[in-house]
Ligand code: R5P
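The following block contains the structure:
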């Protein structure tokens, strides 16, 4: 029996799946993925999966509903082919920001997603920088939660030689900010953020950034409103350069234009989400492919 792992790519991020496959010295698994005329997704696995450890890479940004359901359908097909294990490699796990009942009548989508992944037969999850660590607890399957902070910090160190301070652009990013400040041996300053609308936030800086370079860290950038407002505030308060790093560059709506015309000097992201914008001088991307490939290798028997 063929015991080599099989890696399939959902349609969300084929480029990243190819890089991971290269790093593992394997080819991507063959499958036929299409849509019926009525819009339903159809998949046919063209490999022998019986008794094999199968990995499916799918990110959940851009069209999260479509990509989530496509992943479930691929997993179902693999399950019915009697794979030994099915690992979802989801570099960006969407729906995680709705992780508590913070007002009446709202769902907890992070838990719902955890449940449907298991129901589809997925036995293991590999993911990067969850919105909150505790989301891992929603899963009954094993979760490899990979952190990209070392990757981001190492790149940052090559970009700034002068002293800098870490800024958490909202209260939710204090924890990651603390970890980064420790890694970089520097101090942490916090912004108390208030969201006025989807694309508009305002904040108050708690701490001093005058005369220093600022390094902002967050798990994701969606509309860019958080980073843009935080960068303006830090510049108003007399900082020098503002560099930001986020793991997941979702860049919803006109986020790229908002960032390009902001006070941010540079933005570092990873490729957990497929880039759908032209390369730009102020936005640099580093790949998580080696991190994912290492996690896949470690999980093999
Ligand atoms: C919030 O809790 C997150 O960590 C991000 O700060 C936020 O989701 C970013 O969204 P946007 O780019 O739309 O401000």
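Numbering (my numbering), first residue to last: 1 to 301.
Virtual Cβ for every residue (Gly too), placed ideally from N, Cα, C.
Keep in mind it's a predicted model, so treat the numbers as computed, not measured.
Query: Limits of the alpha helix (DSSP H) - the one that residue 178 falls within; Result: 174-184
Query: Alpha helix (DSSP H) runs contained entirely in the stretch 32-113, provided each spans 4 or more residues; Result: 64-80
Query: Closest Cα partner of residue 73 within the set 38, 188 and 34; Result: 34
Query: Cβ separation of residue 118 and residue 141, assumed to be a contact under 8 Å, to the nearest whole Å; Result: 6 Å
Query: Closest residue to residue 95 among 16, 150 and 59 (Cα-Cα distance); Result: 59
Query: Inter-stretch contact (C-beta, 8 Å, three-pair minimum) for the stretch 153-167 and the stretch 118-138; Result: no
Query: Close-in-space but distant-in-sequence residues of the same chain around residue 83 (CB under 6 Å, 5 per side omitted); Result: 49, 52 and 54
Query: Contacts around residue 123, its chain only, beta-carbon distance under 6 Å, and the 5 residues preceding and following it disregarded; Result: 85, 86 and 141
Query: Among 196, 190, 221 and 263, the one whose alpha carbon lies nearest that of residue 248; Result: 221
Query: C-beta contact flag for residue 231 and residue 263 at 7 Å; Result: yes
Query: Simplified DSSP state of residue 20, which is helix, strand or coil; Result: helix
Query: According to DSSP, residues forming a beta bridge with residue 216; Result: 167 and 244
Query: Where residue 123 falls: helix, strand or coil (DSSP); Result: coil
Query: Beta-carbon contacts of residue 153 that lie in its chain and below 7 Å, excluding the five residues immediately before and after; Result: 180, 183 and 184
Query: Contact set for residue 120: own chain, Cβ-Cβ below 6 Å, skip 5 residues either direction; Result: 72, 75 and 76
Query: Beta-ladder partner(s) of residue 128, from DSSP; Result: 146
Query: Cβ shell of residue 287 (< 8 Å), same chain only, five flanking positions each side left out; Result: 16, 19, 270 and 271
Query: C-alpha gap between residue 38 and residue 199, whole angstroms; Result: 34 Å
Query: Assumed close pair residue 296, residue 112 - CB separation to whole angstroms, cut-off 8 Å; Result: At roughly 26 Å, the Cβ-Cβ gap does not stay under 8 Å, so residue 296 and residue 112 are not in contact.
Query: Three CB pairs or more closer than 8 Å across the stretch 209-219 and the stretch 165-181; Result: yes
Query: Any non-hydrogen atom of the ligand R5P closer than 6 Å to residue 225 Cβ; Result: yes
Query: Neighbour-count burial assignment, residue 193, 16 or more Cβ in a 10 Å radius; Result: buried
Query: Three-state class that DSSP yields for residue 155 in the structure shown; Result: helix
Query: Status (buried if at least 16 other CB within 10 Å, exposed otherwise) for residue 169; Result: buried
Query: Strand pairing of residue 189, partner residues [DSSP]; Result: 167
Query: Which of helix, strand or coil DSSP assigns to residue 6; Result: strand
Query: Secondary structure of residue 284, DSSP reduced to three states; Result: strand
Query: Local Cβ density within 10 Å of residue 131, reported as buried at 16 or more and exposed below that; Result: buried
Query: Through-space distance from residue 301 to residue 282, alpha-carbon basis; Result: 42 Å
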